[in-house]
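S.K.: Each residue of the sequence shown is one higher than the one before, starting from 52 at the first, in the working numbering. Glycine included, each C-beta is placed from N, C-alpha and C at the ideal position. Note that the structure is a prediction, hence the values are computed from the model and not measured.
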Amino acid sequence: MTIKKNEITEEILGKIRNGAVFISPTDTIYGLSCDARNGESVSRLRKLKGRDDKPLSIWVPSKQWIQDNCDASNLDKLPGPYTLILPLLTASVASEVNPGLNTIGVRIPDHWFSKIVEKLGFPLVTTSVNKVGKEHMTSLENGDKEILDAVDFVIYEGEKSGEPSTIIKEKKEIER
Numbered sequence: 052m053t054i055k056k057n058e059i060t061e062e063i064l065g066k067i068r069n070g071a072v073f074i075s076p077t078d079t080i081y082g083l084s085c086d087a088r089n090g091e092s093v094s095r096l097r098k099l100k101g102r103d104d105k106p107l108s109i110w111v112p113s114k115q116w117i118q119d120n121c122d123a124s125n126l127d128k129l130p131g132p133y134t135l136i137l138p139l140l141t142a143s144v145a146s147e148v149n150p151g152l153n154t155i156g157v158r159i160p161d162h163w164f165s166k167i168v169e170k171l172g173f174p175l176v177t178t179s180v181n182k183v184g185k186e187h188m189t190s191l192e193n194g195d196k197e198i199l200d201a202v203d204f205v206i207y208e209g210e211k212s213g214e215p216s217t218i219i220k221e222k223k224e225i226e227r
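(1) With distance defined between alpha-carbon atoms, name the residue in K98, F164, S165, P132 nearest to V148.
(2) Name the two residues that bound the continuous beta strand (DSSP E) containing I155.
(3) Round the Cβ separation of A71 and P174 to the nearest angstrom and send it over; I've been treating them as touching at under 8 angstroms.
(4) Can we say the region 72-83 touches the region 203-220, given the rule of at least three CB pairs closer than 8 angstroms?
(5) How many angstroms separate the CA atom of S94 from the CA atom of S146?
(6) Just to confirm, is the Cβ distance from V144 to I155 under 9 angstroms?
(7) To which residues of the same chain is Q118 closer than 7 angstroms at the C-beta, ignoring the five residues directly before and after it?
(8) Between V205 and L64, what straight-line distance do the alpha-carbon atoms span, to the nearest angstrom?
(9) Should M52 go down as buried or exposed, given a rule of 16 or more other Cβ atoms within 10 Å for buried?
(10) Give me the DSSP bridge partner(s) of Y207.
(11) Are the region 131-143 and the region 157-165 touching by the rule of at least three beta carbon pairs closer than 8 angstroms?
(12) Return the CA-CA distance between Y207 and A123, expressed in angstroms with no decimal places.
(13) Please list, in chain order, all residues of the same chain as V176 whose beta carbon is under 7 angstroms from its beta carbon, the five residues on each side excluded.
(14) Could you pull the DSSP bridge partners for G184 from this structure?
(15) Excluding the 5 residues preceding and the 5 following K56 in the sequence, name in chain order all residues of the same chain whose CB lies nearer than 7 angstroms to its CB.
(16) Reducing DSSP to helix, strand and coil, say where K66 ends up.
(17) Please name the residue or residues paired with D198 in a DSSP beta bridge.
(18) Report all residues from its chain with a CB closer than 7 angstroms to the CB of L140; omit the five preceding and five following residues, and keep chain order.
Here it is as structure tokens:
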């Protein structure tokens, strides 16, 4: 099922809350997403992507969420096309998101879908729509057919011309 911006209803938000794995637009490329707190959904997403052990990034609802859950000192790059790798201080996402790590990649894209994530009030996994080692999706035409067929829905806004977000690692070390 392909959905446009003006077709995001409470029913669609309910599907996200209930564990849907879906494709959403970002400020850069299309992302493969699900509720980052739902371990079963994250595992399903990992299987689709073919990514077993590497950490996944999350699209967070606000800078306040980052301040409440991460050790962050400089958030002035957000919103924007960046993923900040930060020490995670709480158990606010499923362990399947960042297996064995005490850091998390956080994003707030400068994109209208950020209002949807803010409305949901919880983080979503966001990772490029592709199998590991393959090209990322910029349109329905070049999306991986297996992934497109397996997701619960696609929120589509036409062809994207960006590149994946720039990763910025904080220099802080965290002890556990």
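M.R.: On the basis of the coordinates in this document:
(1) The count along the sequence shown starts at 1 and reaches residue 148 at position 97. Closest option to V148, Cα to Cα, is K98.
(2) Numbered from 1 along the sequence shown, position 104 holds the residue referred to as residue 155. Looking at the DSSP string, the run of the beta strand (DSSP E) that includes I155 is 154-158.
(3) Counted from its first residue, the sequence shown places residue 71 at position 20. Counted from its first residue, the sequence shown places residue 174 at position 123. Contact flag wrong, Cβ pair sits at about 15 angstroms.
(4) yes
(5) The sequence position of residue 94 within the sequence shown is 43, counting from 1. The sequence position of residue 146 within the sequence shown is 95, counting from 1. Between S94 and S146, the C-alpha separation is close to 10 angstroms.
(6) To locate residue 144, count along the sequence shown from 1; it is residue 93. To locate residue 155, count along the sequence shown from 1; it is residue 104. Yes, the pair counts as a contact, with Cβ atoms nearer than the cut-off.
(7) Indexing the sequence shown from 1 puts residue 118 at position 67. Cβ within range, chain order: n/a, list empty.
(8) Reading the sequence shown from its first residue, position 154 is the one you call residue 205. Reading the sequence shown from its first residue, position 13 is the one you call residue 64. Answer to the nearest angstrom: the Cα atoms are 13 angstroms apart.
(9) Along the sequence shown, one-based indexing puts residue 52 at 1. Burial call: exposed.
(10) By one-based count along the sequence shown, residue 207 stands at place 156. Partner(s): none; Y207 has no beta bridge.
(11) yes
(12) As a working mapping, residue 207 is identified with position 156 in the sequence shown. As a working mapping, residue 123 is identified with position 72 in the sequence shown. Roughly 32 angstroms separates the two Cα atoms.
(13) Taking the first residue of the sequence shown as position 1, residue 176 is located at position 125. S84, C85, A87, V93, L96, L107, I109, V148, listed in sequence order.
(14) On the sequence shown, residue 184 is found 133 positions in, with the first residue counted as 1. The partner list for G184 (beta bridge, DSSP) is empty, contrary to what the question assumes.
(15) Position 5 of the sequence shown, counted from the first residue, corresponds to residue 56. Closer than 7 angstroms at the Cβ level, and outside the excluded window around K56, lie W163, E208.
(16) Within the sequence shown, residue 66 is the residue found at index 15, counting from 1. Here K66 sits in helix by DSSP.
(17) Within the sequence shown, residue 198 is the residue found at index 147, counting from 1. Here the sequence assigns Ile to residue 198, which means Asp is not the residue at that position. Answer is none; I198 lacks a bridge partner.
(18) Here the question's residue 140 lines up with position 89 in the sequence shown. Hits under 7 angstroms: N120, C121, D122.
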